[in-house]
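S.K.: Letter 80 of the sequence shown, counting from 1, is numbered 80 in the working numbering, and no numbers are missing.
The beta carbon of each residue, even a glycine, is placed where N, CA and C say it ideally should be.
Provided herewith is a single structure, encoded as structure tokens, for subsequent inquiry.
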Amino acid sequence: MSTLVFATLASAIAAPERHVDRAELAPEAQLQALCQLLSASTGLNVMAELLSSTERLVQGFEEGLFSLAWAPPLVALELQQRRLAEPLVVVQRGQRLGYHAALFSRASSRFKQASELVGSRVAWVSHDSTSGYVAPRWHLRTLGMNPDEMFAEQRFYGDHDAVVRAVLEGEADVGATHVGVDPLTGQLESAPWLSYVGAEAVRVWFLIGPIPGDVVVCGAEVRPTVRQRLAAVFLALPPEARPLAEAVFQAHQFDPAPPGHLDLLRGLSRSRGPSGSQRPPTST
Numbered sequence: 001m002s003t004l005v006f007a008t009l010a011s012a013i014a015a016p017e018r019h020v021d022r023a024e025l026a027p028e029a030q031l032q033a034l035c036q037l038l039s040a041s042t043g044l045n046v047m048a049e050l051l052s053s054t055e056r057l058v059q060g061f062e063e064g065l066f067s068l069a070w071a072p073p074l075v076a077l078e079l080q081q082r083r084l085a086e087p088l089v090v091v092q093r094g095q096r097l098g099y100h101a102a103l104f105s106r107a108s109s110r111f112k113q114a115s116e117l118v119g120s121r122v123a124w125v126s127h128d129s130t131s132g133y134v135a136p137r138w139h140l141r142t143l144g145m146n147p148d149e150m151f152a153e154q155r156f157y158g159d160h161d162a163v164v165r166a167v168l169e170g171e172a173d174v175g176a177t178h179v180g181v182d183p184l185t186g187q188l189e190s191a192p193w194l195s196y197v198g199a200e201a202v203r204v205w206f207l208i209g210p211i212p213g214d215v216v217v218c219g220a221e222v223r224p225t226v227r228q229r230l231a232a233v234f235l236a237l238p239p240e241a242r243p244l245a246e247a248v249f250q251a252h253q254f255d256p257a258p259p260g261h262l263d264l265l266r267g268l269s270r271s272r273g274p275s276g277s278q279r280p281p282t283s284t
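Rendered as structure tokens:
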């Protein structure tokens with residue numbers, strides 16, 4: 001039986017919803033349970049590996065240790081450009097066309113127009129977060145604003161909920177995160193702050209997107225027949241695997257990775273820069 005290692009960043013694993021039967025499991029146990037179901041469905045031996053950094057994820061593919069991985073879009077792009085892995089399926093979280101990045105503040109803040117954001121304190125997710133860092137910085141540059149000069153303080157919080165809390169609690173003036181936008185109406189469908197406050201409590205300054213979603217990547221050395229078996233299981237998850245997929249990845253479903261899925265990110269990938277106070281594990 002072929003053995004495949006499914007690597008996932010610890011920061012990717014969501015806090016499980018109350019209705020998920022295995023909500024009491026620790027993150028690694030959740031991933032292991034999902035891998036056991038993948039093994040049963042494919043006839044392969046799929047093993048779980050929980051990682052603390054994107055550097056370790058990329059290194060594992062370099063060394064041939066990993067065959068599968070959850071990857072945020074910029075990390076997936078790096079793996080693809082280095083011919084280490086290719087997107088297998090796209091993680092869908094309820095937004096049909098991916099998601100958007102949002103730069104936001106409290107509605108009650110002193111800021112009335114974008115030019116007043118100069119000198120403010122900004123909360124980012126991580127250097128590798130597309131919506132929580134890269135896309136908003138790129139957008140500000142297209143408007144003639146240098147994010148490394150306009151903000152008085154830049155801090156990294158490691159995940160989207162922490163960014164939202166920092167803004168709502170006044171630790172930061174503005175923050176960057178991901179949101180879901182209805183592709184037909186353009187109205188906000190979902191946002192991390194809606195778990196804490198009503199929509200009227202937050203002001204969105206900029207929406208950037210849609211941004212390609214997270215993907216499950218498959219190592220370049222994996223045989224095409226094995227890739228097809230894995231993709232088939234993700235695309236038609238057995239009922240018992242769906243709660244785990246939602247608990248681990250907040251995934252409502254997986255869709256085929258279309259050709260060129262990551263192309264929109266090639267320009268954005270040049271927007272990353274060495275600013276901020278720390279570099280924690282990545283997020284979306």
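Using the Cα positions of P136 and S2, report the straight-line distance between them to the nearest angstrom.
M.R.: Taking the first residue of the sequence shown as 1, we reach residue 136 at position 136. Taking the first residue of the sequence shown as 1, we reach residue 2 at position 2. Spanning the two alpha carbons is a distance of roughly 42 Å.
S.K.: For G170, count neighbouring Cβ atoms within 10 angstroms of its own Cβ and tell me buried if that reaches 16, exposed if not.
M.R.: Along the sequence shown, one-based indexing puts residue 170 at 170. G170 is exposed by the Cβ-count criterion.
S.K.: Pull up the distance between the alpha-carbon of L88 and that of V164, whole angstroms please.
M.R.: Reading the sequence shown from its first residue, position 88 is the one you call residue 88. Reading the sequence shown from its first residue, position 164 is the one you call residue 164. So the alpha carbons of these two residues sit roughly 31 Å apart.
S.K.: So the alpha helix (DSSP H) G60 belongs to, where does it begin and stop?
M.R.: One-based indexing of the sequence shown puts residue 60 at position 60. Per DSSP, G60 belongs to the alpha helix (DSSP H) from T54 to E62.
S.K.: For L223, is the classification buried or exposed, using 16 other Cβ atoms within 10 angstroms of its Cβ as the cut-off for buried?
M.R.: Position 223 of the sequence shown, counted from the start, is the residue given in the question as residue 223. According to the sequence displayed, residue 223 carries Arg and not Leu. So R223 ends up on the exposed side.
S.K.: Would you kindly work out how many angstroms separate the C-alpha atoms of L4 and H139, rounded to a whole number?
M.R.: Sequence index remark: in the sequence shown, residue 4 carries index 4 (1-based). Sequence index remark: in the sequence shown, residue 139 carries index 139 (1-based). Taking the straight line joining both Cα atoms gives about 39 Å.
S.K.: With DSSP collapsed to three states, give me the class of M145.
M.R.: Numbered from its first residue, the sequence shown carries residue 145 at position 145. Residue state, collapsed to three classes: coil.
S.K.: Just to confirm the assignment: which complete beta strand (DSSP E) runs, minimum length 3, are found wholly within the segment 184 to 239?
M.R.: 188 to 190, 202 to 211 and 215 to 219
S.K.: Check A69 in the structure and name its three-state DSSP category.
M.R.: For the purposes of this step, residue 69 is taken as residue 69 along the sequence shown, with counting starting at 1. Note: A69 maps to strand in three-state DSSP.
S.K.: Near A152, what residues of its chain come up, given a Cβ to Cβ distance below 8 Å and the 5 sequence neighbours on each side ignored?
M.R.: For the purposes of this step, residue 152 is taken as residue 152 along the sequence shown, with counting starting at 1. Cβ within range, chain order: G119, S120 and R121.
S.K.: My guess is that V217 and A76 are in contact by the Cβ rule of under 8 Å, so how many angstroms apart are they, rounded?
M.R.: Here residue 217 refers to the residue found at position 217 of the sequence shown. Here residue 76 refers to the residue found at position 76 of the sequence shown. That belief holds up - the Cβ atoms of V217 and A76 are roughly 5 Å apart, short of 8 Å.
S.K.: Which residues does DSSP pair with M47 in a beta bridge?
M.R.: Counted from its first residue, the sequence shown places residue 47 at position 47. M47 is bridged to V5.
S.K.: Shortest alpha-carbon distance to H252 belongs to which of P238, S39 and P258?
M.R.: Within the sequence shown, residue 252 is the residue found at index 252, counting from 1. The shortest Cα separation from H252 among P238, S39 and P258 belongs to P238.
S.K.: Looking at the strands, I want to know which residues DSSP matches up with L74.
M.R.: Residue mapping note: residue 74 aligns to position 74 of the sequence shown, counting from 1. None, per the DSSP bridge assignment.
S.K.: Under a Cβ-count criterion, where at least 16 other Cβ atoms within 10 Å of its own Cβ denotes burial, should P258 be classed as buried or exposed?
M.R.: For the purposes of this step, residue 258 is taken as the residue at position 258 of the sequence shown. Its Cβ having fewer than 16 others within 10 Å, P258 is exposed.
S.K.: Given 8 Å as the limit, is there contact between the segment 229 to 245 and the segment 33 to 51, that is, 3 or more CB pairs closer than that?
M.R.: With a cut-off of 8 Å, the segment 33 to 51 and the segment 229 to 245 count as touching, because enough Cβ pairs lie within range.
S.K.: Give the DSSP bridge partners of H178, in chain order.
M.R.: Mapped onto the sequence shown, residue 178 falls at position 178. Its beta-bridge partners are A101.
S.K.: Buried or exposed: which applies to L235, given that a residue is buried once 16 or more other Cβ atoms fall within 10 Å of its Cβ?
M.R.: Position 235 of the sequence shown, counted from the first residue, corresponds to residue 235. With fewer than 16 Cβ atoms within 10 Å of its Cβ, L235 is classed as exposed.
S.K.: Mind checking A7: buried by the 16 CB within 10 Å criterion, or exposed?
M.R.: Taking the first residue of the sequence shown as 1, we reach residue 7 at position 7. Its Cβ being crowded by 16 or more others within 10 Å, A7 is buried.
S.K.: Could you check the C-alpha separation between G64 and L44 for me, to the nearest Å?
M.R.: Taking the first residue of the sequence shown as 1, we reach residue 64 at position 64. Taking the first residue of the sequence shown as 1, we reach residue 44 at position 44. Roughly 17 Å between the two C-alpha positions.
S.K.: Alpha carbon to alpha carbon, how far is V226 from V233? Give it in angstroms, no decimals.
M.R.: Position 233 of the sequence shown, counting from 1, holds the residue named residue 233. Position 226 of the sequence shown, counting from 1, holds the residue named residue 226. If I take the Cα positions, the gap works out to 11 Å.
S.K.: Beta carbon of A102, beta carbon of T130: below 8 Å?
M.R.: The residue given as residue 102 occupies position 102 in the sequence shown. The residue given as residue 130 occupies position 130 in the sequence shown. Their beta carbons are not under 8 Å apart, which means A102 does not touch T130 by this criterion.
S.K.: Classify D21 as buried or exposed, calling it buried when 16 or more other Cβ atoms lie within 10 Å of its own Cβ.
M.R.: In the sequence shown, residue 21 corresponds to position 21, counting from 1. For D21, the predicted structure reports a pLDDT of 43, less than 50, and the residue's modelled location is therefore unreliable. A value from the coordinates is still provided. Classification for D21: exposed.
S.K.: Can you give the Cα-Cα distance for A33 and R155, rounded to whole angstroms?
M.R.: Along the sequence shown, read from residue 1 onward, the residue named residue 33 stands at position 33. Along the sequence shown, read from residue 1 onward, the residue named residue 155 stands at position 155. Rounded to whole angstroms, A33 to R155 spans 35 Å at the Cα level.
S.K.: Looking only at C-alpha atoms, which of V46, L51 and T42 sits nearest to E28?
M.R.: Taking the sequence shown and counting its residues from 1, one reaches residue 28 at position 28. Checked all of V46, L51 and T42; the closest Cα to E28 is L51.
S.K.: Where does the unbroken beta strand (DSSP E) through S86 begin, and where does it stop?
M.R.: In the sequence shown, the residue the question calls residue 86 occupies position 86. Note on identity: in this sequence residue 86 is Glu, with Ser being the wrong assignment. Here the beta strand (DSSP E) through E86 covers A85 to Q92.
S.K.: Are P198 and E189 touching if we call contact CB-CB under 8 Å?
M.R.: If you number the sequence shown from 1, residue 198 lands on position 198. If you number the sequence shown from 1, residue 189 lands on position 189. According to the sequence displayed, residue 198 carries Gly and not Pro. Result no, Cβ atoms of G198 and E189 do not sit closer than 8 Å.
S.K.: From the DSSP output, which residues share a beta bridge with E153?
M.R.: Here residue 153 is taken as the residue at index 153 of the sequence shown, counted from 1. R121, per the DSSP bridge assignment.
S.K.: Return the first residue and the last residue of the alpha helix (DSSP H) that D161 is part of.
M.R.: Taking the sequence shown and counting its residues from 1, one reaches residue 161 at position 161. Start and end: H160 to L168.
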